[in-house]
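Since the structure comes first, as structure tokens, the remarks are kept for the end.
There are 2 protein chains.
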Amino acid sequence: MLTPRKLAILQAVIDEYILTGLPIGSRTISKRNDMNVSSATIRNEMADLEDDGFLVQPHTSAGRIPSDKAYRLYVNMLMHTIDLDENERNSIRKYFDVKMQEIEQLIGVTAQALSETTKLTSVVIGPQTSQLKLKRVQLVKIADTTALIVFVMDTGVIRNMTVQIPQDITPEYLEALSQSLSKCVEDKTMQEAVNEIRNSFSLEKGENRRLLDTVIDTVSKSDSEVQERNIIFGGTENIFNHPEYRNIDKARDFLKLLEKKDNIYNMMSKATDMEFSIKIGAENDIDQLKDMSVVMATYKFGNSKIGSFGVIGPTRMNYGKIMSILSYVGSNISSILNYMIDDDDGLYLK
Amino acid sequence: MLTPRKLAILQAVIDEYILTGLPIGSRTISKRNDMNVSSATIRNEMADLEDDGFLVQPHTSAGRIPSDKAYRLYVNMLMHTIDLDENERNSIRKYFDVKMQEIEQLIGVTAQALSETTKLTSVVIGPQTSQLKLKRVQLVKIADTTALIVFVMDTGVIRNMTVQIPQDITPEYLEALSQSLSKCVEDKTMQEAVNEIRNSFSLEKGENRRLLDTVIDTVSKSDSEVQERNIIFGGTENIFNHPEYRNIDKARDFLKLLEKKDNIYNMMSKATDMEFSIKIGAENDIDQLKDMSVVMATYKFGNSKIGSFGVIGPTRMNYGKIMSILSYVGSNISSILNYMIDDDDGLYLK
DNA sequence: GTTAGCACTCGTATGTGATGAGTGCTAATA
DNA sequence: TATTAGCACTCATCACATACGAGTGCTAAC
Numbered sequence: 004m005l006t007p008r009k010l011a012i013l014q015a016v017i018d019e020y021i022l023t024g025l026p027i028g029s030r031t032i033s034k035r036n037d038m039n040v041s042s043a044t045i046r047n048e049m050a051d052l053e054d055d056g057f058l059v060q061p062h063t064s065a066g067r068i069p070s071d072k073a074y075r076l077y078v079n080m081l082m083h084t085i086d087l088d089e090n091e092r093n094s095i096r097k098y099f100d101v102k103m104q105e106i107e108q109l110i111g112v113t114a115q116a117l118s119e120t121t122k123l124t125s126v127v128i129g130p131q132t133s134q135l136k137l138k139r140v141q142l143v144k145i146a147d148t149t150a151l152i153v154f155v156m157d158t159g160v161i162r163n164m165t166v167q168i169p170q171d172i173t174p175e176y177l178e179a180l181s182q183s184l185s186k187c188v189e190d191k192t193m194q195e196a197v198n199e200i201r202n203s204f205s206l207e208k209g210e211n212r213r214l215l216d217t218v219i220d221t222v223s224k225s226d227s228e229v230q231e232r233n234i235i236f237g238g239t240e241n242i243f244n245h246p247e248y249r250n251i252d253k254a255r256d257f258l259k260l261l262e263k264k265d266n267i268y269n270m271m272s273k274a275t276d277m278e279f280s281i282k283i284g285a286e287n288d289i290d291q292l293k294d295m296s297v298v299m300a301t302y303k304f305g306n307s308k309i310g311s312f313g314v315i316g317p318t319r320m321n322y323g324k325i326m327s328i329l330s331y332v333g334s335n336i337s338s339i340l341n342y343m344i345d346d347d348d349g350l351y352l353k
Numbered sequence: 004m005l006t007p008r009k010l011a012i013l014q015a016v017i018d019e020y021i022l023t024g025l026p027i028g029s030r031t032i033s034k035r036n037d038m039n040v041s042s043a044t045i046r047n048e049m050a051d052l053e054d055d056g057f058l059v060q061p062h063t064s065a066g067r068i069p070s071d072k073a074y075r076l077y078v079n080m081l082m083h084t085i086d087l088d089e090n091e092r093n094s095i096r097k098y099f100d101v102k103m104q105e106i107e108q109l110i111g112v113t114a115q116a117l118s119e120t121t122k123l124t125s126v127v128i129g130p131q132t133s134q135l136k137l138k139r140v141q142l143v144k145i146a147d148t149t150a151l152i153v154f155v156m157d158t159g160v161i162r163n164m165t166v167q168i169p170q171d172i173t174p175e176y177l178e179a180l181s182q183s184l185s186k187c188v189e190d191k192t193m194q195e196a197v198n199e200i201r202n203s204f205s206l207e208k209g210e211n212r213r214l215l216d217t218v219i220d221t222v223s224k225s226d227s228e229v230q231e232r233n234i235i236f237g238g239t240e241n242i243f244n245h246p247e248y249r250n251i252d253k254a255r256d257f258l259k260l261l262e263k264k265d266n267i268y269n270m271m272s273k274a275t276d277m278e279f280s281i282k283i284g285a286e287n288d289i290d291q292l293k294d295m296s297v298v299m300a301t302y303k304f305g306n307s308k309i310g311s312f313g314v315i316g317p318t319r320m321n322y323g324k325i326m327s328i329l330s331y332v333g334s335n336i337s338s339i340l341n342y343m344i345d346d347d348d349g350l351y352l353k
């Protein structure tokens, strides 16, 4: 049974451990002024908490440290998000106070802001263009056999790629094609659009056929690749800030994981259904993160969640604070994104 | 004086040290079958080499390790580039055997190929568009108040960015403007082009003036930013492969350096005048690299060197091998780049 | 000029004992 | 019955001592 006192003790252990990273002994807890019982009593309670799987002893004569289960309970029940003070807000806001030219810059700034304020490794994935709806398509001839194909999403995001075209295609033809393609893809996702084009234009023959095929081909190929690259990390060196990770082999594994990107990318994109997602220790699917925690949040563009960002660090992290930071960073991202589309003379979104 | 025997001993020490990373003693050298003198003789010679600054003793009763000066001599005189065998060539070629869609992919693959075959940290910087000549400019209206501005470089590289435009600008006007802009910027670098536009169109007034100003503004701003982002690293975790860097604080500093990017970017772009550039230990301008070596090479597009790539690792690296690898990787990059422009139905360069 | 021999150096590994934080358990207490 | 004081016990950590061995510099002999 988790009596109120047990909960209080557990909370105290977690708080203390998050602060120091050292195993917490019974006396440390009993000395806290909100505890009015002796260390012996605490010891008995702690023994019970250990039996219930909330505390772990690294070795017989050491204090206790919280288990993943304890952190989970903490996050679910005991934690109060910690409001940021004016100073902290300012130091975050100053990252976003520069004029953003393109979405990549925003992603970079976000990663930086996150890692520097949390002192953890940050991850940001860019807008998932695959989930956005298309507004129009524009083909532009830029060389004899090369055209640029530009996708304008409903949020204003632009994606473009080059495509080889037969030599005798005229700009006027491309303009006409752009018009009819635009009609047919409006309000569809990239993937849907590709299918739609396949169907609607299935009767085309000859040169047109070849052109369309190349377009479809190029688009679908690049779709997967763009995503893979659209993830960035910040403060990778912060992994060393935490004594429990001052271990070369762990660090190497971690860097390797970041370098591969796709594992983390998958993890991040899975989490887009909730406002926050917290994975503690073994709750992580990725092996190398089994003794770390990942806290993620999503950002919105208009009404739909189109990307996510978060931090990776030791299970011993200040969840309350981290969540407040994520939340504040998120609101900054949103306002920048909106600013980017709304503002008439300033900032443009690529 | 550096007698032939001294040189041979120095070479032996370097070879051995590159292999093991441990201080090399006189007996180790004298046992090599190409040495027919006793360890005592070697000791005397080594003492001389130490006086001349080619060898260093980490402490009194340890063997010797080569100094930066020794590596420099080695690279200049003693080193023979080591031909790659069929296996090694294949394992590199397989990285480039995939179809490349865009230049970013090529950069990524290069970084990967380099870091995996050298087991070092690799750096690749993308084509320096600022040094390329423009072929034409194309403005395309993609929304009510947004246009895409596309720069086509003479090598086929394309750069584009969005720009806000007054609402009443027609596509036809943009087309006409594209024509006259193209004429005026042809064969100039981005920077020259901006100046040229400023001069040639200095008489424009009103709406046109505003449009032009916005274009010039956007372009010059983004010019610097694009470059900054156009550098990527591979195999950062390889820093830990070398015993001399199994030191957390060194590793942290190194990661921090990579994260900042601009220092390394500057170093890399300085080195574009030579085929190879080797910086050994203290020859590096960057503090954190004072005990590492950087080997860089450049790649060409058409006739001009437009980017560079290389590796960063311990001064104790197999320079001969590394250079062969860089050279082979370089030739792969070139052929891919040419393929990208020449091939009519396959690959496109963004 | 080369080499064998030897005393010397010094980093590394190993072992030992002291220290102290923290525990579990028992018996006394409220 | 819950709490607490007291105490024996555990065990990681640290300081210190010792042994080991790779490698050196130097000298004297070849």
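One line per chain: the protein sequences are A and B, in this order. Numbering-wise, our numbering puts 342 at position 339 of the first sequence, and it's gapless, one number per residue. Numbering-wise, our numbering puts 283 at position 280 of the second sequence, and it's gapless, one number per residue. Glycine included, each C-beta is placed from N, C-alpha and C at the ideal position.
Among the options, which one has its Cα closest to the Cα of residue i?
i	options	result
valine 218(A)	Pro130(A), Ala65(A), Gln134(A) and Leu184(A)	Leu184(A)
threonine 63(B)	Ala73(B), Ala50(B) and Lys72(B)	Ala50(B)
lysine 191(A)	Leu135(A), Gly209(A) and Asp220(A)	Leu135(A)
isoleucine 161(A)	Gly284(B), Val166(B) and Gly313(B)	Val166(B)
aspartate 147(A)	Glu119(A), Gly284(A) and Thr173(A)	Thr173(A)
tyrosine 74(B)	Leu329(B), Leu10(B) and Glu105(B)	Leu10(B)
methionine 38(A)	Glu53(A), Gln14(A) and Phe154(A)	Gln14(A)
leucine 258(B)	Met271(A), Tyr268(A), Ile267(A) and Phe243(A)	Phe243(A)
threonine 132(A)	Met193(A), Arg8(A) and Tyr77(A)	Met193(A)
leucine 177(A)	Thr149(A), Asn202(A), Ser203(A) and Arg201(A)	Thr149(A)
threonine 239(B)	Ser272(B), Asp290(B), Glu119(B) and Val78(B)	Glu119(B)
leucine 81(B)	Met270(B), Leu52(B) and Ile12(B)	Ile12(B)
aspartate 86(B)	Ile32(B), Tyr331(B) and Val143(B)	Tyr331(B)
methionine 277(A)	Tyr268(A), Ser41(A), Phe312(A) and Lys264(A)	Phe312(A)
Expressed to the nearest angstrom, what Euclidean distance is found between the alpha-carbon atoms of residue i and residue j?
i	j	result
leucine 22(A)	asparagine 321(A)	8 Å
phenylalanine 304(B)	isoleucine 145(B)	31 Å
glycine 24(A)	valine 59(B)	41 Å
lysine 171(A)	threonine 158(B)	Checking the sequence shown, residue 171(A) turns out to be aspartate, not lysine. So the alpha carbons of these two residues sit roughly 22 Å apart.
isoleucine 235(B)	aspartate 55(A)	48 Å
leucine 206(B)	valine 197(B)	15 Å
aspartate 294(A)	leucine 180(A)	54 Å
serine 296(A)	aspartate 290(A)	12 Å
glutamine 115(B)	asparagine 335(B)	13 Å
proline 169(A)	glutamate 175(A)	14 Å
aspartate 100(A)	isoleucine 339(A)	9 Å
arginine 8(B)	lysine 72(B)	18 Å
Anyone know if the C-beta pair for residue i and residue j falls short of 9 Å?
i	j	result
valine 16(B)	proline 69(B)	yes
lysine 324(B)	threonine 84(B)	yes
glycine 237(B)	leucine 117(B)	yes
leucine 292(A)	leucine 260(A)	yes
methionine 270(B)	aspartate 288(B)	yes
For residue i, collect the residues of the same chain with a Cβ closer than 7 Å to its Cβ; drop the 5 residues on either side in sequence, then sort them by chain order.
i	result
glycine 28(B)	Gly66
tyrosine 20(B)	Ile27, Ile68, Pro69 and Arg319
asparagine 233(B)	Ile128 and Gly129
methionine 326(A)	Thr84, Phe279 and Val298
asparagine 36(B)	none
arginine 266(A)	First, the amino acid is wrong: residue 266(A) is asparagine here, not arginine. Result list for asparagine 266(A): Leu260 and Ile289, in chain order.
lysine 353(A)	In this prediction, lysine 353(A) has a pLDDT of 36, which is less than 50 and means its spatial position is unreliable; what the coordinates show is noted afterwards. Closer than 7 Å at Cβ, skipping near neighbours: Glu105, Ile106 and Ile161.
Which same chain residues end up closer than 6 Å to residue i when comparing Cβ atoms and leaving out the 5 residues on each side of it in sequence?
i	result
glutamate 247(B)	Pro317
serine 280(B)	Ala274 and Met299
leucine 123(B)	Asn241, Val314 and Gly316
glycine 333(A)	Ala300 and Tyr302
isoleucine 203(A)	In the sequence on display, residue 203(A) carries serine and not isoleucine. Around serine 203(A): Cys187.
glycine 112(B)	Residue identity check: residue 112(B) is valine in the sequence provided, not glycine. Cβ neighbours of valine 112(B) beyond the five flanking positions: Tyr98.
CB-CB under 8 Å to residue i, same chain, minus the five flanking residues each way: which ones, in chain order?
i	result
methionine 3(A)	Outside the shown range of chain A, which is 4 to 353, sits residue 3(A), and nothing can be said about it.
aspartate 18(B)	none
histidine 245(A)	Gly24, Gly316, Pro317 and Arg319
glutamate 199(A)	Cys187, Val188 and Lys191
valine 155(A)	Leu137, Lys138, Arg139, Val140, Gln141 and Ile161
### Query
Would you say the region 84 to 93 of chain B touches the region 41 to 50 of chain B, given that touching needs at least three Cβ pairs under 8 Å?
no
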